[in-house]
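Visitor: Residue numbers (the working numbering), protein chains in the order written: chain V, 1 to 752; chain B, 1 to 352.
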Amino acid sequence: MAETASATHVRHGSSIGQPLTRRDGVLKVTGQARYAADNHPPGMLHAALAVSSIARGRVTALDIAAARAHPGVVEVMTPANRPPLALDPDAKTGPFVFRMEVLQDDRVRYAGQPIAVVIAETLEAATEGAALLAPRYAAEPVEAGLDAADVFVPEMVGPGAPAREGYGDVEAGLAAAARRVEAVYETPAQYHNAMEPHAVVAAWEGDRLTLDTPSQGLAWAQDRIAGLFGLPPENIHIRSPFLGGGFGSKGVISGPQVLGILAARLVGRPVKLVLRREQMYGPVGHRAPTRQRLRIGAGEDGGLTALDHQVRTATSRFDDFIEPAGSVSHTLYAAPAIAIGYDAVRLDTGTPLFMRAPGEASGSIALESAIDEMALACGMDPLEFRLRNYAEVEPISGKPFSSKALRDCYAQGAARFGWAGRPLQPRQMRDENGLLVGWGMGTATFPALMFHGQARAVLRRDGTGLAELGAQDMGQGAWTALAQLAADSMGLELDQLEFRAGDSRLPDAGIAGGSAHTATAGAALHNAGAEVIARLAELAMADRRSPLFGAGNAGVVARGGSLLRRDDESRGESYGEILARAGLEEIEGRGSGAMDPAVQEHYATHAHGAVFAEVKVDPELGQIRATRLVGAFAAGRIVNPRLVRSQYYGGMIWGVSFALHEQAVMDKRTGRVMNANLGEYHVPVNADVPSLEAILVDEVDPHVNPLGIKGVGEIGITGTAGAVANAVWHATGVRVRRFPIALEELALAGAE
Amino acid sequence: MNRFDYVRPASIAEAIAAAAEPGSAYLASGTNLLDLMKGNVVRPARLVDLNHLPGLDGIELLPDGGARIGARVRNADLAYHPEFSRRFPAVAEALLSGASAQLRNAATVGGNLLQRTCCAYFYDPASACNKRDPGAGCDARGGENRLHAVLGWSERCIATHPSDFCVPLAAFGAVVEIEGQFGRREVPLEEFHLLPGETPERESVLAPGELVVALRLPAEAAGFAAHARYVKLRERTSYAFAVVSAAAGLRLENGVIAEARLALGGVAAKPWRARAAEAALAGARPDAASFRRAAEAALAEAAPSGDNAFKIELARRVAARALLLAAAGTPERLPALPASAFAPVPGASLHG
Numbered sequence: 001m002a003e004t005a006s007a008t009h010v011r012h013g014s015s016i017g018q019p020l021t022r023r024d025g026v027l028k029v030t031g032q033a034r035y036a037a038d039n040h041p042p043g044m045l046h047a048a049l050a051v052s053s054i055a056r057g058r059v060t061a062l063d064i065a066a067a068r069a070h071p072g073v074v075e076v077m078t079p080a081n082r083p084p085l086a087l088d089p090d091a092k093t094g095p096f097v098f099r100m101e102v103l104q105d106d107r108v109r110y111a112g113q114p115i116a117v118v119i120a121e122t123l124e125a126a127t128e129g130a131a132l133l134a135p136r137y138a139a140e141p142v143e144a145g146l147d148a149a150d151v152f153v154p155e156m157v158g159p160g161a162p163a164r165e166g167y168g169d170v171e172a173g174l175a176a177a178a179r180r181v182e183a184v185y186e187t188p189a190q191y192h193n194a195m196e197p198h199a200v201v202a203a204w205e206g207d208r209l210t211l212d213t214p215s216q217g218l219a220w221a222q223d224r225i226a227g228l229f230g231l232p233p234e235n236i237h238i239r240s241p242f243l244g245g246g247f248g249s250k251g252v253i254s255g256p257q258v259l260g261i262l263a264a265r266l267v268g269r270p271v272k273l274v275l276r277r278e279q280m281y282g283p284v285g286h287r288a289p290t291r292q293r294l295r296i297g298a299g300e301d302g303g304l305t306a307l308d309h310q311v312r313t314a315t316s317r318f319d320d321f322i323e324p325a326g327s328v329s330h331t332l333y334a335a336p337a338i339a340i341g342y343d344a345v346r347l348d349t350g351t352p353l354f355m356r357a358p359g360e361a362s363g364s365i366a367l368e369s370a371i372d373e374m375a376l377a378c379g380m381d382p383l384e385f386r387l388r389n390y391a392e393v394e395p396i397s398g399k400p401f402s403s404k405a406l407r408d409c410y411a412q413g414a415a416r417f418g419w420a421g422r423p424l425q426p427r428q429m430r431d432e433n434g435l436l437v438g439w440g441m442g443t444a445t446f447p448a449l450m451f452h453g454q455a456r457a458v459l460r461r462d463g464t465g466l467a468e469l470g471a472q473d474m475g476q477g478a479w480t481a482l483a484q485l486a487a488d489s490m491g492l493e494l495d496q497l498e499f500r501a502g503d504s505r506l507p508d509a510g511i512a513g514g515s516a517h518t519a520t521a522g523a524a525l526h527n528a529g530a531e532v533i534a535r536l537a538e539l540a541m542a543d544r545r546s547p548l549f550g551a552g553n554a555g556v557v558a559r560g561g562s563l564l565r566r567d568d569e570s571r572g573e574s575y576g577e578i579l580a581r582a583g584l585e586e587i588e589g590r591g592s593g594a595m596d597p598a599v600q601e602h603y604a605t606h607a608h609g610a611v612f613a614e615v616k617v618d619p620e621l622g623q624i625r626a627t628r629l630v631g632a633f634a635a636g637r638i639v640n641p642r643l644v645r646s647q648y649y650g651g652m653i654w655g656v657s658f659a660l661h662e663q664a665v666m667d668k669r670t671g672r673v674m675n676a677n678l679g680e681y682h683v684p685v686n687a688d689v690p691s692l693e694a695i696l697v698d699e700v701d702p703h704v705n706p707l708g709i710k711g712v713g714e715i716g717i718t719g720t721a722g723a724v725a726n727a728v729w730h731a732t733g734v735r736v737r738r739f740p741i742a743l744e745e746l747a748l749a750g751a752e
Numbered sequence: 001m002n003r004f005d006y007v008r009p010a011s012i013a014e015a016i017a018a019a020a021e022p023g024s025a026y027l028a029s030g031t032n033l034l035d036l037m038k039g040n041v042v043r044p045a046r047l048v049d050l051n052h053l054p055g056l057d058g059i060e061l062l063p064d065g066g067a068r069i070g071a072r073v074r075n076a077d078l079a080y081h082p083e084f085s086r087r088f089p090a091v092a093e094a095l096l097s098g099a100s101a102q103l104r105n106a107a108t109v110g111g112n113l114l115q116r117t118c119c120a121y122f123y124d125p126a127s128a129c130n131k132r133d134p135g136a137g138c139d140a141r142g143g144e145n146r147l148h149a150v151l152g153w154s155e156r157c158i159a160t161h162p163s164d165f166c167v168p169l170a171a172f173g174a175v176v177e178i179e180g181q182f183g184r185r186e187v188p189l190e191e192f193h194l195l196p197g198e199t200p201e202r203e204s205v206l207a208p209g210e211l212v213v214a215l216r217l218p219a220e221a222a223g224f225a226a227h228a229r230y231v232k233l234r235e236r237t238s239y240a241f242a243v244v245s246a247a248a249g250l251r252l253e254n255g256v257i258a259e260a261r262l263a264l265g266g267v268a269a270k271p272w273r274a275r276a277a278e279a280a281l282a283g284a285r286p287d288a289a290s291f292r293r294a295a296e297a298a299l300a301e302a303a304p305s306g307d308n309a310f311k312i313e314l315a316r317r318v319a320a321r322a323l324l325l326a327a328a329g330t331p332e333r334l335p336a337l338p339a340s341a342f343a344p345v346p347g348a349s350l351h352g
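So this is what it looks like as structure tokens:
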């Protein structure tokens, strides 16, 4: 394991790179991990949302008397009695501040919008009270679907990228092309559907608020709530030790969480509010549908001459989040001309939001399908075609990649899968039962980002250490991976380290999103560890009684709870000895982590991968099954291969879901999602994913950040969805461009 | 969920008396009823709990080769009963293709017969549904109806019956034993469920208070054991309702079909026995051409009720497939993926 350039004391110790099991695993499997909704402070009441069944209009009547009369109901919160907020919830005070519906008026702007909150002694009473409200509405006509009338060109997409990007002359490139592919791909609205619904347990004590609520970004949440209630952020204490999944939907505080806080304010008692599954299909974000038109040109030699990626997507009528589906085309393939553009329609839906691999997931399935179509048009193997158009520098920026082991991913994935010898033409392979067999591939990519994070590291006289920061474990294993990073940075074995996270009183570790958490929080921990070790070393080296006295020029090494002279490791002493002699109980260091602007200026930073899929299709019935998936991913330093593999598996399964299963079925007459439950909103079951393999491709990134860490949380979906779609085409010869692929489109293709 | 009375009867007679009161519903395992109550789709005033009644949970193998199954037998217990699944392999296969393992461990035989439709508009109290609220209209018409009925539907209702289990039961002539205030009666399963017509709220022949106590498979049903299959087309490998499904059984004599059974699932408000197809197969050779003709006959009266014309052709193909698989012979063991197109095919390849 390489030493990092900046911190001479760090030799990566025994933790980083180890496939440790989750430190919180036993807690979770024995039910002892305390999730937000597991909290029951004394005197707590239960709140239930009443939500709108229309998508646009006004609430004209609620039978509040009936709800109040129900035994156990304590209070009904409506716009008439909702406690005041210090800030208009519709004020757009920043790009990541989303407008929310917290009973500010009687308007309904999407189906499933909260229109009242019933607070009761029991969940059952609150739920029945909500049903008894029997709302009446003045409904207005609804805009639903990507053909809606209100089309606009957004100013920016995703987290702030321009809506028009590119270089070169795409039309000229297309005109000059020997082969052209033009195709339109459609992806549906999808919902995050974390296992754990959004939940909040809110307890006020004067103007201090304690919250148990899942949050992917504690400091953001704290600031948002502080702003809404006109309180200093430090008055808001958020505990979020575990999240049952977030996928972006817990990245910002949502309206229902604020309603729980308001309900507690109204009744003067702690209140718990947990969304029902169907209530997660409205106020907590979704992945917007897209319609993507790709035009690609290639020369006789298979080299791209132009790539045009135009995205139509949707946002709500009252706020903007534009699914950045064109962003993959920035990055993946070299072309002399690239154009990326967007427009969007305004619909009567909740505002879309970041959803795992936002942009890249939707864009990847379209781009990878189109590239596959072009490979065929050029008579080239899809892998050969991708290698022919390999981007040596990032196409959109011309910057070199900080590292890019994609060729290794292609090679290792293809070898493991057995890609060689794949017939170029579709419908050439059958299994022993006569089922059609197809092989497809896709390139995976996701940017390596960093946010801002801070951490604190403490060494104690008893030889143990403490590392703490407000980091988020949402199932990805941050409790474990970050502890591994902290232990090595502090020269401790993992079992000597106490690790604390998931609390807003701890240093702000940034948001667990953008696949950037390990890099960001890890860098903060690394630097905090470096600082505490440096301070300890100063103590020792200045002390004539220490064997480290005068070691300054040679430096010291921190390992196993001791500092050792770098030039003679037989000379050293334990942390405890140093602290004891100095009369200190403990010593602390603080550190922060963020992307170095110079790195951003000089390098494009992305993780990459290659995914190979096998599917089988029944030729008469159209029944599809992914039978084999091999992904090979290069994402810089791998902190914990077991957890990383788990992230890749999860992403790859989501890719299968994207290609074959997942969609919100909306009744366009009403703007309502008709399958707002996990029975009918299909995600793969175990039997849909028989064989998964994720190869961790070696990649040393000397630039991206001192630890060389990229991110692994989101890349798995990208590449996979396209690989599965391409495999379905290869099996059947039918190119389905609307996802998820419906079995009848395969079975009845070409039928009368 | 509304407040309701809970009654725990000590005998079938007590249960029937309690359930005959208006607003009552029987509770077995509740895998469907409790969901409906939580969603305010149904709001019974009284639940009559059958879980403590004696005598409803036996699987009796009758000496004549038939079987009698208590209404409270769990789906999984029935499917994994070795002798039952040997005699009625397509029934076991259908059971194991339904719902999820967790649901099958809880759900009962009687409850399976009486489960409500999977129509999203029925499940959604904000939508118009003649089944839930007679006369309210049907929002499934003109709505998201890709998986709705293609046989036996009416302008008032296009919902389907979601059961897998009931499909082979219809094919193989199962009989439902019913007890009520006025005594015991028996109804062929094929006649147990009602088509919607003008009264989609009436889903079965049961009168108020009547209780399904048992299900009988006649001895002749076991005569198809060597050639009986269930095939289910679905959008994921488990825990999904059928897009279309079919149960088929053949009695072969001297290389010719002596008798055939065929029923379709996911196509109508009831499991759809395809008697015309069965008649077309009698005396025919068990080959693809015969099976395709039979499938055509089975769907002769089909018509799309919305955006679901594709189901008609897929139903033909599933019917033909089930017959082809039945002709190939019941596998020694139930396949690991019951009723799946991906289950290995005994003997030769199905597809050229």
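Built from N, CA and C at the ideal position, the CB exists for glycine as well.
Can you tell me where the alpha helix (DSSP H) holding Y649 of chain V begins and where it ends?
Guide: It spans 641 to 660 - the alpha helix (DSSP H) in which Y649 of chain V sits, taken as one unbroken run.
Visitor: DSSP on G283 of chain B, reduced to helix/strand/coil?
Guide: Note: G283 of chain B maps to coil in three-state DSSP.
Visitor: Could you check the C-alpha separation between G143 of chain B and H309 of chain V for me, to the nearest Å?
Guide: Whole-angstrom Cα-Cα distance: 32 Å.
Visitor: Going by the DSSP bridge assignment, what does L262 of chain B pair with across the sheet?
Guide: For L262 of chain B, which the question treats as bridged, DSSP gives the partners B:A248.
Visitor: In chain order, what residues of the same chain lie with their CB nearer than 7 Å to the CB of D462 of chain V, ignoring the 5 residues before and after it?
Guide: Closer than 7 Å at the Cβ level, and outside the excluded window around D462 of chain V, lie G576.
Visitor: For chain B, is any of its Cβ atoms less than 7 Å away from the one on R625 of chain V?
Guide: It does; some Cβ of chain B falls within 7 Å.
Visitor: Let me know the secondary structure DSSP gives E588 of chain V once reduced to three states.
Guide: Reduced to three states, the DSSP call for E588 of chain V is strand.
Visitor: Can you tell me where the beta strand (DSSP E) holding H191 of chain V begins and where it ends?
Guide: In the sequence as displayed, the identity of residue 191 of chain V is Tyr instead of His. No beta strand (DSSP E) holds Y191 of chain V; DSSP gives it neither H nor E.
Visitor: Among all the DSSP beta bridges, which residues are the ones paired with H46 of chain V?
Guide: According to DSSP, H46 of chain V bridges with V:A120, V:K272.
Visitor: Got a sec? Which residues, its chain only, sit under 8 Å from A336 of chain B by beta carbon, not counting five neighbours each side?
Guide: Excluding positions up to five away in sequence, the list reads A343.
Visitor: Helix, strand or coil for E3 of chain V, going by three-state DSSP, please let me know.
Guide: Its pLDDT being 34, under 50, E3 of chain V is placed unreliably by the model, and nothing is read from it.
Visitor: In chain C, which residues lie with their C-beta within 9 Å of the C-beta of A138 of chain V?
Guide: In summary, chain C is missing from the structure at hand, where the protein chains are V and B.
Visitor: For E601 of chain V, which residues of its own chain have a beta-carbon under 7 Å away from its beta-carbon, when the five flanking residues on both sides are left out?
Guide: Counting only Cβ-Cβ distances below 7 Å, and skipping sequence neighbours, we find nothing.
Visitor: State the DSSP-derived secondary structure class of H9 of chain V, mapped to helix, strand or coil.
Guide: The predicted position of H9 of chain V is uncertain, since its pLDDT is 37 and thus under 50; a value taken from the coordinates is nonetheless stated next. Correct three-state label for H9 of chain V: coil.
Visitor: Between the Cα of A116 of chain V and those of V:G440, V:Q484, V:D596, V:I64, spot the shortest distance and give me the residue it belongs to.
Guide: Per the Cα distances, V:I64.
Visitor: Kindly indicate the opening and closing residues of the alpha helix (DSSP H) around Q257 of chain V.
Guide: Start and end: 255 to 267.
Visitor: Any C-beta of chain V within less than 9 Å: which residues of the region 119 to 132 of chain B qualify?
Guide: If the cut-off is 9 Å between Cβ atoms, the region 119 to 132 of chain B has A120, Y121, Y123, D124, P125, A126, S127 near chain V.
Visitor: Helix, strand or coil for G440 of chain V, going by three-state DSSP, please let me know.
Guide: Here G440 of chain V sits in strand by DSSP.
Visitor: Can L62 of chain V and P135 of chain V be called in contact, C-beta distance under 7 Å?
Guide: Result yes, Cβ atoms of L62 of chain V and P135 of chain V sit closer than 7 Å.
Visitor: What did DSSP end up calling P423 of chain V once you bin it into helix, strand or coil?
Guide: DSSP places P423 of chain V in coil when its eight states are reduced to three.
Visitor: Give me the chain V residues within the contact set of A71 of chain B, using Cβ-Cβ distance strictly less than 8 Å, ordered along the chain.
Guide: Under the 8 Å cutoff, chain V gives no residues; its nearest Cβ is about 24 Å from A71 of chain B.
Visitor: So who's on the other strand from A375 of chain V, going by DSSP bridges?
Guide: Answer is none; A375 of chain V lacks a bridge partner.
Visitor: What does the alpha-carbon distance come out to for the pair R316 of chain B and Y26 of chain B?
Guide: C-alpha separation (whole angstroms): 36 Å.
Visitor: Can you confirm whether G65 of chain B, when its beta carbon is compared against all beta carbons of chain V, has any partner nearer than 7 Å?
Guide: Not closer than 7 Å to any Cβ of chain V, the Cβ of G65 of chain B fails to qualify, so no.
Visitor: Tell me the DSSP secondary structure of I511 of chain V in three-state form.
Guide: It is coil, neither helix nor strand.
Visitor: State the Cα-Cα distance for the pair P706 of chain V and G297 of chain V, rounded to the nearest angstrom.
Guide: Distance between the alpha carbons of P706 of chain V and G297 of chain V is about 40 Å.
Visitor: When burial is assigned at 16 or more other CB atoms within 10 Å of the CB, is S6 of chain V buried or exposed?
Guide: Low confidence applies here, because S6 of chain V scores a pLDDT of 36, under 50, leaving its location unreliable and the question unanswered by this model.
Visitor: Along the chain, which unbroken stretches of the alpha helix (DSSP H) at least 4 residues long are found entirely within the region 123 to 160 of chain V?
Guide: Qualifying alpha helix (DSSP H) stretches, in chain order: 123 to 132.
Visitor: Return the chain-ordered list of same chain residues with a C-beta closer than 6 Å to the C-beta of S691 of chain V, the five sequence neighbours on each side being excluded.
Guide: Within the same chain, S691 of chain V has close Cβ partners R628.
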